[in-house]
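Residue numbers (our numbering), protein chains in the order written: chain A, 439 to 759; chain B, 25 to 346; chain V, 11 to 672.
No residue lacks a Cβ here, since even glycine has one placed at the ideal position from N, Cα and C.
Since this is a predicted model, take the numbers as computed values, not measurements.
Let me begin by presenting the structure, written as structure tokens, before commenting on it.
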Amino acid sequence: MLSYMTNNLSEPLTQKNITDADLIGQIVASVGKKILDKTEAIETVVATLIAGGHVLLEDLPGLGKTTLAMSIAQVFGMDYNRIQLTSDMMPSDVLGVSIYDAPTQTFSYHKGPIFTQFLLADELNRATPKTQSALLEAMAENQVSMDGKTYQLDDVFFVMATQNPIDEAGTYNLPQSQLDRFLVSLSLGYPDAESERQLYSQSYMQSFKESLPALSNPEQLRSWQQQALTIHAANEVLDYLQLLVKKTRTHSEILHGLSPRAGLSLFRLSQSLAMLAGRDFITPADVQRAFYPVCRHRLVTKDNKPAKEIIKAIVHDTAII
Amino acid sequence: MKTQRHSLYMRWLLKKINQFFNRRGTESLPVTFDWRRIYVLPSKPGLFFATIWFLMMMAGLNFNNNMSLMLVFLLFGLAQVLLYRTFFNLRNLRLEQVTAQPAFLGEDINLKITVGSNDQKWQIFAVLDNTETVSNIPDQTAQLTLPCPSIHRGWQAIPRLKFFTRYPIGLFTVWAYCIPDAKALVYPKPEIPCPDYPHHGGADGQQTIPIKGDELSSIRDYRQGDPIRDIAWKKSAQSDQTWVKEFNQVRGKNLLFDYTQMDHGSLEFKLSRMTAWVLHAEHQQAEYQLVLPGFDSGMSSGQAHQHRCLQALALYQPGNQS
Amino acid sequence: MSRITSQLSQKQLFWIVFAVLLAVLPQVYRLPMWFLPMTVVVVGYRFYAQLHQLKQAYNRILTVIAIAAMIMIIYSQGIGLSREFSVTILITMTVLKLLETYTMRDALLVVMLCYFVTMTRFLYSQDLLLVFYLLGSAFVTTHALSVLNYEKTVQWFDTSQLRATAGSLALAVPFAALFFLVFPRLGAPIWGSPDIFGEGKTGISDTMSPGSIIELFMDDSPAFRATFQDNKIPPNNQLYWRGPVLWNFDGTTWSRKKHSKTRARIQQYSETEPYRYQIELESTGQNYMFGLDYVVNSPSGAFLLPDSILYAPQKINQLRHYELESLLLDRFYQPLTESDRELLLDYPANQNLQTQQMMQNWQQQAQNPIEIINRALTWFNQEEFYYSYSPPPLSGDVIDQFIYESKRGFCEHYASSFTIMMRMAGIPARVVTGYQGGINNGEYLLVKQSDAHAWSEVYIEQENQMGYWLRVDPTSMVAPERVERGSRQIMDEKRNLIDYDWIRNFKDSMDRYRYRWNQWVRDFNVSKQQALFEILGVDHRDGKTLALMMAGILLVTGILSLIPIWWVKRRRFHALQKIYLDLAKLVRKQPHLYQTHHQGIETFIANMQQHYPKARSSLNHFLDTYLAARYSKKGNDRQKTLNHLQQTLLKIKQVIKQQPLQ
């Protein structure tokens with residue numbers, strides 16, 4: 439646990455805790471070598487992982503979604519599966535299938551790609567609603583029900599789903615209730631000019647091919663997940679968090695504000711962001727940082743106005759002194 | 025109108041006063057009403073209170089009735105305290121946002137006004153012309169809805185808003201003005217009843233008169249030229265009028281509304297008619313395309329498409345063809 | 011005129027009615043009999059109409075009701091510009107107005123009239139206890155206004171709104187007190203005289219008929235207060251407060267003699283020092299003022315009549331103060347004219363023959379008048395006479411009946427009988443009414459209406475038309491404790507249902523406050539105000555000074571009442587927030603940077619670090635310490651952390667000072 443030495447303020451952190459926070463820092467830095475100029479997005483993904491949630495990535499192709507997913511799976515030493523969703527995919531293609539085994543005269547279950555620790559579900563909105571909901575249900579319950587039997591997924595189970603926001607033809611937009619299952623939604627966006635230039639450099643090309651060394655393991659991740667739940671939030675911070683949530687509900691340009699579950703998501707993400715920062719308590723800045731990724735896919739705005747400006751304005755106008 | 029009866033001097037005075045009130049011009053939100061922009065005057069009940077108070081004071085002074093004077097001075101002190109209370113009830117009110125849903129010309133624009141405050145505020149009125157609405161701010165923010173008459177097509181600036189309060193006793197009116205930097209989109213007024221679709225063809229050059237579907241959608245008045253088989257005999261027999269059944273149109277019709285191909289009528293008449301078509305086509309879930317000089321919506325349907333079309337109609341200026 | 015349904019909610023109506031009833035209630039006792047039933051009917055109907063959503067009654071009906079009420083008022087009180095008449099009309103119309111209180115406008119009118127109605131109560135009395143009425147009525151009326159303006163909740167007694175009203179009133183009190191003292195008063199009424207609107211009250215009158223004093227015995231309200239110089243108070247049996255002196259007796263009623271002269275000042279005071287005292291006389295509605303027997307000279311503004319009565323030219327309708335000197339003389343020497351002597355020997359000739367007979371016998375047997383007096387007193391003492399507040403009624407030959415049959419009575423009976431007996435025996439005598447005794451509460455002597463008394467004065471003639479007055483109190487022969495210890499001691503019977511000693515004692519001790527109240531509030535007037543101004547150093551009472559002073563007072567009270575409201579409304583910060591604000595203030599001169607402090611310390615410090623790279627490390631340190639102190643779970647030593655933050659803040663300040671503004 440992180441703790442402050444109260445008597446000697448010049449020595450802020452104990453030895454053990456340096457390891458935890460630093461290790462996470464190293465992980466972020468390590469992934470950052472592959473995804474340039476996106477530290478904040480990487481941190482958000484890692485924080486979501488520690489908060490036990492799932493990520494929805496909305497990006498154009500070629501912005502490094504896959505790279506990000508693979509790198510994170512690598513540094514955490516997780517099993518990694520990738521499914522490319524298409525409109526002709528059936529739920530069994532994701533969850534697995536029971537096959538009649540003639541010799542034994544029983545049904546045997548063949549596990550689908552979902553039985554892994556890190557699942558990259560590419561172009562989720564291309565799948566039919568049936569497949570989408572099968573996947574999302576499994577995500578929510580952390581288990582697969584098939585023919586009256588339930589199969590547990592791994593303790594550490596993380597989904598990173600991607601959506602292509604531009605190609606609208608032949609897609610099935612996720613309903614609001616399904617979107618709520620993702621803790622955060624992100625968009626990597628274009629790198630800045632200098633980082634983009636680096637992409638072309640010889641050294642980057644070299645390192646890009648190498649896989650990242652595992653800095654952690656699922657076991658440790660699980661313990662971090664437990665630890666994140668105990669991160670303390672002072673009443674003042676909770677007030678602030680609640681106020682932000684409330685403002686989304688009364689805002690005139692937002693049709694539907696955050697649900698209580700979304701509020702809880704905001705809290706969880708703030709907790710793990712605080713852990714990333716090496717603290718055992720949440721500060722308002724954690725909430726501010728968590729607010730946009732949590733709201734981004736959840737808020738339904740009027741006239742389809744971009745949510746980003748509205749969310750930014752809410753944070754900006756809510757004074758915290 | 026009352027104002028027309030005012031003398032020249034009065035009108036000049038009113039103009040000057042309004043100039044003073046409007047001296048800040050349009051302001052970008054949020055705006056916090058601090059003491060500099062809050063005005064205070066006794067309300068009508070306040071004036072009545074003052075009259076009774078004055079009579080009481082005269083009686084008390086005349087007979088040097090000390091307990092009467094005590095009551096009189098207590099009421100005076102009360103009035104003073106109430107003045108402050110009312111003032112503080114409005115002070116530091118934040119006008120955070122004013123948004124307006126698009127409306128059709130002739131309809132009221134619904135203004136959604138978001139106000140906020142760090143402390144609790146009660147009985148805050150928002151006023152626009154003759155309509156007012158009231159709300160409390162028990163916790164941080166509150167929303168008020170005000171109807172605003174639509175005056176012309178296109179972007180209409182939100183007029184000056186007045187916020188006032190009389191809380192707690194109503195002896196004083198404390199108010200503030202603000203002209204928010206916001207505007208409302210006013211679509212042209214749709215022609216009613218909706219005329220027949222134009223004959224200048226759809227995207228595929230086909231006949232665009234709607235084909236009747238099977239589903240009964242509504243019943244309307246008989247209009248000249250309606251086929252006999254559409255007449256709703258049962259209903260017509262029950263009333264004096266002749267009623268006609270309307271059937272839902274088959275989905276998938278392509279309609280083209282082209283401004284240049286409409287030959288008669290004024291600009292506003294044409295826009296009004298096209299607005300009615302767009303609405304009707306959207307209602308029938310048909311695909312349609314709107315073409316104005318300098319604007320082509322493309323063939324589509326759906327709320328967003330409709331909004332795009334209506335906005336183009338609302339903002340269309342004949343000279344502006346870029 | 012259309013009939014309208016009520017625009018008021020039930021709660022609003024309830025508060026309006028509450029305000030009206032409370033304002034009216036303390037005057038019900040003096041309003042006509044039909045007033046209370048009328049009020050009940052009006053209020054009952056109005057609530058019934060509200061509950062069943064009846065429309066307002068036709069205006070014609072309301073007019074008829076109003077006219078009927080007017081006629082009733084004229085019938086029961088007579089017409090004229092009297093206080094009773096105008097106040098009754100105001101009150102009745104306010105109550106009747108409830109019948110047409112359906113709109114907000116009418117409701118406001120009725121409620122504000124309640125303030126006026128409340129005020130009219132003070133035209134009748136300004137007793138201390140009415141302060142509670144003043145405050146209570148003002149509170150309920152104000153709250154009714156508040157509910158009319160805005161209903162916070164539907165609860166009939168919404169505590170938060172009630173508290174708000176109470177708070178507003180409480181804040182108004184200091185203002186009222188200050189204004190009360192300095193608001194310029196009128197020396198004389200501009201219109202009318204205070205008599206019209208004086209606080210008439212019954213006291214001792216200038217006639218005495220059977221049972222007239224008994225009303226006063228029932229009344230524990232103060233008659234006057236006497237403050238003696240150096241607190242030298244005569245013994246109780248010497249405290250005869252002289253009121254009207256009654257000369258004429260017509261068989262039942264005693265009455266005064268009209269005088270055309272005044273009595274001279276007592277010139278020679280020989281052995282005894284005079285008592286000096288000040289009297290605060292409650293309003294009586296009469297012209298008499300009271301003083302201890304015998305006053306030396308008249309106070310200013312009053313005459314001293316030949317029978318030593320103090321007589322004010324105007325009726326005493328307000329609290330009045332005057333100073334007196336008295337000599338407690340046993341014998342008061344005064345010449346007696348022949349006509350006066352005849353008057354004092356007059357009695358109805360063919361009445362009370364039995365007594366006449368007895369007195370003539372006595373006169374023949376006695377050597378001198380003193381003997382007759384003593385014999386009469388002994389007779390009262392030894393015969394079966396009793397002191398009683400409820401004697402049997404007498405008629406016809408009242409003296410005979412009293413002396414030989416009932417033998418029960420109080421001072422009035424004894425004084426009256428004794429005086430007539432003396433006259434029958436040829437001794438000039440008269441009845442003196444007034445008060446006897448008083449309660450010494452340490453600072454002054456309180457004389458209550460129930461201390462009313464009547465006694466006799468006989469004239470002992472000496473040679474050459476000179477003689478002296480001798481006070482004889484026959485009641486003291488029957489009930490000596492009446493004179494020794496005051497009227498209360500002889501009251502065995504309860505005068506009314508709640509007549510207990512402890513209540514009387516409580517009332518008497520309350521009088522101390524009432525006295526102060528009278529001194530400071532009720533009797534505050536131009537001269538006292540002037541004295542106050544002089545203390546404040548303002549001795550010119552010209553318009554300019556007063557206007558300046560009023561403006562000053564308005565300003566001061568304005569600020570005084572502003573401060574608490576502002577104090578409640580101000581934003582509150584705890585110690586850590588204050589330190590943060592201190593940090594923010596360091597860069598107040600850079601508005602863009604300063605503004606960002608609203609977004610939390612982390613954003614703000616990050617922005618500061620960009621502006622002041624040199625302060626980076628101390629800012630970081632400040633941030634870490636601050637966040638831990640404010641948001642972490644550990645309850646660390648708060649004061650120490652605060653001190654540490656302060657020190658860091660100082661360091662940051664130095665760095666910022668060194669770096670010039672960019």
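Taking the alpha-carbon positions, what's the residue i to residue j distance?
i         : j         : result
Gln601(A) : Glu496(A) : 5 Å
Met228(V) : Asp511(V) : 14 Å
Ala227(B) : Tyr211(B) : In this prediction, Ala227(B) scores a pLDDT of 40, lower than 50, which makes its location untrustworthy; no coordinate-derived value is stated.
Leu23(V)  : Ser159(B) : 23 Å
Val582(A) : Leu573(A) : 9 Å
His689(A) : Leu565(V) : 43 Å
Phe534(V) : Ala359(V) : 53 Å
Leu707(A) : Pro731(A) : 9 Å
Ile752(A) : Ser642(V) : 25 Å
Phe299(B) : Pro499(A) : Here residue 299(B) is Thr; the residue named in the question, Phe, does not match the sequence. Spanning the two alpha carbons is a distance of roughly 39 Å.
Asp129(B) : Pro214(B) : The sequence given here places Leu at residue 129(B); Asp does not occur at that position. Each residue's Cα considered, the two are about 8 Å apart.
Asp254(B) : Met527(A) : 47 Å
Asp461(V) : Gln60(V)  : 53 Å
Pro603(A) : His492(A) : 18 Å
Helix, strand or coil for residue i per DSSP?
i         : result
Lys587(A) : strand
Ala310(B) : coil
Val306(V) : coil
Thr113(V) : coil
Cys733(A) : helix
Pro342(B) : coil
Glu453(V) : coil
Pro171(B) : strand
Pro484(V) : coil
Ser336(V) : strand
Tyr33(B)  : helix
Thr554(A) : coil
Met516(A) : coil
Glu612(V) : helix
Measuring alpha carbon to alpha carbon, tell me which residue in the options is nearest residue i.
i         : options                                    : result
Arg526(V) : Thr237(V), Phe583(V), Pro438(V), Ser400(V) : Thr237(V)
Phe234(V) : Ile14(V), Glu292(V), Glu225(V), Asp216(V)  : Glu292(V)
Pro551(A) : Thr566(A), Ser708(A), Asp592(A), Pro731(A) : Asp592(A)
Gln37(V)  : Thr102(V), Ser231(V), Thr263(V), Ser92(V)  : Thr102(V)
Lys746(A) : Ala757(A), Asp618(A), Ser615(A), Ser623(A) : Ser623(A)
Leu145(V) : Cys124(V), Lys162(V), Thr163(V), Glu161(V) : Cys124(V)
Tyr285(V) : Leu302(V), Thr272(V), Glu422(V), Ala376(V) : Leu302(V)
Val482(V) : Arg626(V), Lys325(V), Phe95(V), Val493(V)  : Val493(V)
Asp163(B) : Gly701(A), Ile749(A), Lys684(A)            : Lys684(A)
Ranges of the alpha helix (DSSP H) found wholly within the region 157-230 of chain V, counting only runs of at least 4: 169-192, 224-227
Within the region 378-451 of chain V, ranges of the alpha helix (DSSP H) (whole runs, at least 4 residues): 379-392, 421-434
The region 136-145 of chain B touching the region 83-102 of chain B, judged by at least three CB pairs closer than 8 Å: no
Given 8 Å, three or more beta-carbon pairs between the region 80-90 of chain V and the region 124-138 of chain V: no
contact_flag[the region 287-304 of chain B, the region 131-140 of chain B] where n(CB pairs < 8 Å) is 3 or more: no
Ordered list of alpha helix (DSSP H) runs contained in the region 661-736 of chain A, each at least 4 residues: 673-688, 698-714, 722-733
Secondary structure, alpha helix (DSSP H): runs of 4+ residues fully inside the region 473-504 of chain A: 477-489
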